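Note that full-length UniProt numbering gives residue 268 to position 268 of the sequence shown, counting from 1, and the numbers run on in steps of one.
Just so you know, even glycine gets a beta-carbon here, dropped at the ideal spot from N, CA and C.
Everything numeric in this text was worked out from a predicted model, so none of it was measured.
Contents: one structure, followed by commentary.
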Amino acid sequence: MSFTIKDLLESKEFSDMKLIAGQNHKKNEITGVTIIEAPDIMHFIKGGELLLTGLYAFKSCSISEFQSYLQEIKTISGIIIKKGRIVKDAETKIKMLEEYANEHGLPLIEVPFEVSFQKIMSFVMEHIFNEEVTRLKYFKTTHDNFTALTLSSNQRQHPIKDILDMLNKLIRNSVALYDRNFTCYAAANDEFCEFNLSKNAKPYDTGMLTKYKYLKQNNQYIIELNLTNKMYLVITETVSKFDLLDCIAIENAIIALQYEFTRKHAIAELEKKYQNDIFNNLLNGKIISYTELRRNIELLNMDLNGFYRVLVLGIEYQGRKNINQTLYNMTNVENAILQHSPDVKIYRDMDKIVVIQPTKHEQTQLECKQDINKLKQFIEQENSKILIKIGVGKMVHGITHLKDSYREAQDALSFIHIMDGFSDNSDILLFSELGIFKLLCQETNPNVLIEYVPESLQKLYNYKKSQQKELITTLKTYLNYNQNLSKTAQSLYVHYKTVAYRIDKISEITGMDFNNPNEMLEVRIGLIIYQILEKYNNK
1 MSFTIKDLLE
11 SKEFSDMKLI
21 AGQNHKKNEI
31 TGVTIIEAPD
41 IMHFIKGGEL
51 LLTGLYAFKS
61 CSISEFQSYL
71 QEIKTISGII
81 IKKGRIVKDA
91 ETKIKMLEEY
101 ANEHGLPLIE
111 VPFEVSFQKI
121 MSFVMEHIFN
131 EEVTRLKYFK
141 TTHDNFTALT
151 LSSNQRQHPI
161 KDILDMLNKL
171 IRNSVALYDR
181 NFTCYAAAND
191 EFCEFNLSKN
201 AKPYDTGMLT
211 KYKYLKQNNQ
221 YIIELNLTNK
231 MYLVITETVS
241 KFDLLDCIAI
251 ENAIIALQYE
261 FTRKHAIAEL
271 EKKYQNDIFN
281 NLLNGKIISY
291 TELRRNIELL
301 NMDLNGFYRV
311 LVLGIEYQGR
321 KNINQTLYNM
331 TNVENAILQH
341 SPDVKIYRDM
351 DKIVVIQPTK
361 HEQTQLECKQ
371 DINKLKQFIE
381 QENSKILIKI
391 GVGKMVHGIT
401 HLKDSYREAQ
411 DALSFIHIMD
421 GFSDNSDILL
431 FSELGIFKLL
441 CQETNPNVLI
451 EYVPESLQKL
461 YNYKKSQQKE
471 LITTLKTYLN
481 YNQNLSKTAQ
491 SLYVHYKTVA
501 YRIDKISEIT
511 GMDFNNPNEM
521 LEVRIGLIIY
531 QILEKYNNK
């Protein structure tokens, strides 16, 4: 037995339905039902369907474009519309629909905004299909809508949000997407809210085959996803009861999200490679012409005469190390940097990350270090197994001087391990803090560097007995703690008298006068030079 428009209107399920056009064609048979949430869904119409639309799919199209879409619906059984969303030329488009419906014998029905299209769809399907076919038809309808949406993603400003908005309209519940740190990435209707995954969240059985992991906590349904990074799609049951049809819609939304994130990732990688080439030239002073420089600066959206500072970040990972883990860590660090400081530019240099940071001319060295320390803390907070060390170059005026700040930042990073104990924060070092050691950065000849090492210290390094290494370690620690025997002993986990004995032994071997501040300064410099030489030997 067929199910007609008249049967739908006379049902007690939707008493608020109002026939506003095509009154003489209520006997049209309904052979299918489709929700229109994207204009391109019109290409999937076969005929005999009842179309459901809030016109939001046509919110931006012109009158002439809307007219061309109408030409594709001649063979349908009828249209149900609801008003309420902001749509360009809405009244004109509804008037056109009424005229078209009367002209082509299509019943046009209006329902209140709060009526769920999914409820109408389920009701119609129950009368024209069995339960299994209803699910399959609903899957196809939602699949077609999300496919049409993804095909038009190039023309949309916020394609991820549009996918969530469509899912929200289909399931009539709050929808949001969160990253692995439970920060909201996007939300339907911009309804952002806090989310934390409880340890008590329980697996949820969808009642269908799925390759995704569904969890339930309180009135929230959580789906774990891999969208280039781990993310969570969260449905909060606020209006409608969560059911199997919602899961079908969600599965298709996930496919659309995967497509969109993959597309964005591919575009970002291409842009990043091109930008990396430009940054490589800028940071290494390879500028061919002023015309090319201006064109590149426009592409990077940077100020040719702005004030900038270059940071070079070294990454240490506390865990299993391999190339995939390294790349994953660097990507996470880059994401954290951009989340904390969206205005910076990032360049990946092998196993280091270079950050070009816009800065104010009047910024002090203290303010600079405080800002960078906040950035470091944020990165490590977002990535618990990562430790960051940052070399900082000087502030420069103009893009053409970035190479100078970059060179200083590289030297500062290489000195962080060497300068342990000579800086307030051993993980962050400004090149300007190096003082006399700036000169040592510029010298690469070991024979010249060794001339700056006092003879007394050379004697200790040339000492051939087994205690040599522990004596050198004791000397470094003793000087770092301003010749305090107690603190040195605590740091080395040895007895106070052991340290005193070693210092006496050092004095005996080298002839050092620990009461002579000038000699101790020379020894400190000499220790650092030996660490520089060790670094050169390890290259």
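Per the coordinates, the alpha-carbon of Glu-443 lies some 7 Å from the alpha-carbon of Leu-449. For Cys-193, the number of other beta carbons within 10 angstroms of its own is below 16, and it is reported as exposed.
Within the same chain, Cβ atoms closer than 6 Å to the Cβ of Tyr-138 are found at Leu-245 and Ile-248, the five residues on either side in sequence being excluded. In the displayed model, Phe-431 falls within a helix according to three-state DSSP.
Per DSSP, reduced to three states, the secondary structure at Ile-386 is strand.
Exposed is the label assigned to Gly-105, since fewer than 16 other Cβ atoms lie within 10 Å of its Cβ.
Two segments are said to touch when three or more pairs of C-beta atoms, one from each, lie closer than 8 Å; by this definition the segment 71-78 does not touch the segment 170-181.
Counting C-beta atoms within 10 angstroms of its own C-beta, Ala-57 has 16 or more neighbours from the protein chains shown and is therefore classed as buried. In this structure the segment 481-489 does not touch the segment 429-442; the number of beta carbon pairs closer than 8 Å is below three. In the three-state reduction of the DSSP assignment, Lys-273 falls in the helix class, which pools H, G and I.
Just so you know, the alpha carbons of Phe-146 and Phe-261 end up roughly 14 Å apart. Taking the C-beta atoms as reference points, Gln-118 is found nearer than 8 Å to Ile-171. Per DSSP, the beta-bridge partners of Val-310 are Ile-356. With at least 16 other beta carbons inside 10 angstroms of its own, Lys-169 counts as buried. Closest in C-alpha terms to Lys-476, from the list Leu-413, Leu-527, Lys-211 and Gly-306, comes Leu-527. In this chain, Arg-348 is not harboured by any alpha helix (DSSP H); it is covered by the beta strand (DSSP E) spanning 345-349. When DSSP states are grouped into helix, strand and coil, Pro-159 belongs to the helix group. For the pair Ala-412 and Asn-515, the Cα-to-Cα distance works out to about 31 Å.
By the neighbour-count criterion, in which 16 or more other beta carbons inside 10 Å mark a residue as buried, Lys-46 falls on the exposed side. By the neighbour-count criterion, in which 16 or more other beta carbons inside 10 Å mark a residue as buried, Arg-407 falls on the buried side. The C-alpha of Thr-141 is placed about 10 Å away from the C-alpha of Asn-252.
Ranked by Cα distance from Lys-230, the options Tyr-212, Gln-220 and Asp-243 are led by Tyr-212. With a threshold of 16 other beta carbon atoms within 10 Å, Ser-466 falls short and is exposed.
The beta strand (DSSP E) runs of length 3 or more contained entirely in the segment 35-94 are, from start to end of the chain, 49-53 and 78-81. With contact defined as three or more Cβ pairs closer than 8 Å, the segment 376-388 and the segment 299-309 are not in contact. For Glu-194, the secondary structure class from DSSP, reduced to helix, strand or coil, is coil. For Tyr-328, the enclosing alpha helix (DSSP H) covers residues 323-340. Straight through space, the alpha carbons of Thr-4 and Thr-31 are spaced by roughly 9 Å. Taken through DSSP and simplified to helix, strand or coil, Gln-442 comes out as coil.
Take the alpha-carbon of Thr-400 and the one of Gly-285: they are about 7 Å apart. In terms of Cα proximity to His-25, the closest of Met-166, Ala-90, Cys-61 and Ala-101 is Ala-101.
Where Lys-476 is concerned, the enclosing alpha helix (DSSP H) starts and stops at 468-480. A direct Cα-Cα distance of roughly 8 Å separates Leu-52 from Val-33. At a Cβ-Cβ threshold of 8 Å, Tyr-221 and Tyr-204 count as neighbours. Proximity to Lys-273 across Asn-484, Asp-190, Asp-349 and Asp-243 peaks at Asp-349, based on C-alpha coordinates. Cβ atoms of Asp-165 and Asn-189 come within 8 Å of each other, at about 7 Å.
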